[in-house]
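Scroll down for the structure; my scribbles are underneath it.
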Amino acid sequence: MKSLVAALAVLASSTLLFAQNPVTNVVREILPRQQKNLVAAVEEMPADKFGYKPTPPQMSFAKLVIHITESNNYLCGKIAGAPGAKMEDLKETDGKDKLLSALKASFDSCATSLAKADDSKLGDPIELYGGRKGTRASALFFLTNDWADHYSAAAMYLRLNGMLPPTAQKK
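Using our numbering, the first residue of the sequence shown is number 6, and each one after it goes up by one.
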């Protein structure tokens, strides 16, 4: 009986904590899955295919990885109310290992930023891409939308090269 009471107490306290920050908590829940999928997609692509572009106007796979990294650092910095994580200047000619390491670091930075975030500042005004004005809430939504969009693009690049994206592979 004591263990049931203890379990119910833990459930009640975690439910209360989740209710206090429902938006940031959901984004924190989304982060590990998106991080796992995006990192796995980049790991899946062979190093010699990082220059691949589906069509000339599209970005290369390497540029997609750089874009994801920059987006993570920028938006998570805005969410935290701090400058984005410092990173060295990445180039499309950088090797897979360097780009993958930078991507992983950007997700670590996001996890740190999101750990400090709460819903009390969602309405705070911030400057977004291109000097547009928005709120911290908009940065959170842009971040999760970007992860979905970026994974979709990475999955397409993999499929066009005869590979299955991580979420399509048999477990």
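We treat Cβ as the ideally placed atom computed from N, Cα and C, and that holds for glycine. Note that this is a predicted model, so its numbers are computed, not measured.
Would you please state the rounded distance, in angstroms, between the beta carbons of T74 and L108? I believe it to be under 8 Å. 5 Å
With DSSP run on the structure shown, which of helix, strand or coil describes T140? strand
P37, DSSP secondary structure in three states: helix
Can you have a look at L104 and say buried or exposed, based on whether 16 or more other CB atoms are within 10 angstroms of its CB? Taking all protein chains in view, the Cβ of L104 is crowded by 16 or more other Cβ atoms within 10 Å, so the residue is classified as buried.
So, for V28: in the same chain, excluding its five sequence neighbours on each side, which residues have a beta-carbon less than 8 Å away from its beta-carbon? D124, L127, A142 and L145
Those runs of the alpha helix (DSSP H) which lie wholly inside the stretch 58 to 139 and span at least 4 residues: 66 to 85 and 101 to 121
Does DSSP put F55 in a helix, in a strand, or in coil? Looking at F55 - three-state DSSP - the assignment turns out to be coil, as it is neither helix nor strand.
What is the rounded straight-line gap between the Cα of T98 and the Cα of I71? Rounded to the nearest angstrom, the two C-alpha atoms are 11 Å apart.
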